[in-house]
């Protein structure tokens, strides 16, 4: 019987946040280990220690679960709160916090494996690459654009195009090191090397956009 036919028809009992988290963790693990097509909802349910019906009560189908797993991974390193611009926090400190979280995210094993998988799927005409982009990179980009727009309105930055500025910020952080990491020709930046890279990237960005 197709998976979608097993979806619950009503709201049922209140959803358990712990079970939702277990499902997301299982989904991230299996999608990376076995790929999207090789990860069934049955297998994800077993990995999470819940019933298949419980998986569907939290996520209506596998595509929804895939998107949620990508979003959850991004939010682990880059929570929405990080993109706020409090009056009492210097912009430079805010950018450094975002830079640290972003670098840790893109250097993580899960992120590297997911990027590699998306390249393969894109060459096969799969729509999952677009889903991945919208759930992860696009969300981060849009939140950064909002923050930079706020900073510009307060006179903290001089920029006309927040989208382009956000691109510049994240591109500085990725640099050539991330490309080498993706193709297996480099190691992730860690410790002092990662911090040095973060500080350099933020300072270069500020030199370009400070009034």
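In the UniProt record's numbering, the protein residues as written are 1 to 211. Beta carbons: idealized from backbone N, C-alpha and C, even for Gly.
Item: Would you report the Cα separation of residue 83 and residue 193, rounded to the nearest angstrom?; Value: 24 Å
Item: Am I right that residue 110 and residue 15 are in contact with their C-beta atoms under 8 Å? What's the rounded C-beta distance?; Value: Their Cβ separation, rounded to whole angstroms, is 24 Å, which puts residue 110 and residue 15 out of contact at 8 Å.
Item: List the endpoints of the continuous alpha helix (DSSP H) containing residue 137.; Value: 137-153
Item: Alpha carbon to alpha carbon, what distance is there between residue 207 and residue 24?; Value: 40 Å
Item: Taking the alpha-carbon of residue 36 as reference, which of 54, 128, 92 and 42 has the nearest alpha-carbon?; Value: 128
Item: What number of angstroms, rounded off, separates the C-alpha of residue 162 from the C-alpha of residue 51?; Value: 45 Å
Item: Mind reading off the beta-carbon distance from residue 99 to residue 173? Whole number of angstroms is fine, and I expect it under 8 Å.; Value: 6 Å
Item: Whole alpha helix (DSSP H) runs in the stretch 51-98 with 4 or more residues, listed along the chain?; Value: 52-58 and 62-77
Item: Under three-state DSSP, which class holds residue 102?; Value: helix
Item: I'd like the span of the alpha helix (DSSP H) that includes residue 203, first residue to last.; Value: 191-209
Item: What number of angstroms, rounded off, separates the C-alpha of residue 150 from the C-alpha of residue 89?; Value: 13 Å
Item: If you draw a straight line from the C-alpha of residue 132 to the C-alpha of residue 45, how long is it?; Value: 21 Å
Item: For residue 164, does the count of other Cβ atoms within 10 angstroms reach 16, so buried, or fall short, so exposed?; Value: exposed
Item: Pick from 19, 76 and 93: whose alpha carbon is nearest that of residue 58?; Value: 19
Item: For residue 182 versus residue 116, is the C-beta distance shorter than 8 Å?; Value: yes
Item: Near residue 143, what residues of its chain come up, given a Cβ to Cβ distance below 6 Å and the 5 sequence neighbours on each side ignored?; Value: 83
Item: Which class does residue 111 belong to by DSSP, given the choice of helix, strand or coil?; Value: helix
Item: CB residue 101 to CB residue 78, shorter than 8 Å?; Value: yes
Item: Within 10 angstroms of the Cβ of residue 55, are there 16 or more other Cβ atoms? Answer buried if so, exposed if not.; Value: buried
Item: With H, G and I counted as helix, E and B as strand and the rest as coil, what does DSSP make of residue 1?; Value: With a pLDDT of 39 at residue 1, under the threshold of 50, the modelled position of that residue is not reliable, and the figure given next carries that caveat. Coil.
Item: Spatial neighbours of residue 3 within its chain, please: C-beta separation below 6 Å, excluding the five flanking residues on both sides.; Value: Below a pLDDT of 50, predicted positions are generally treated as unreliable, and residue 3, at 45, falls in that range; no measurement from the model is reported.
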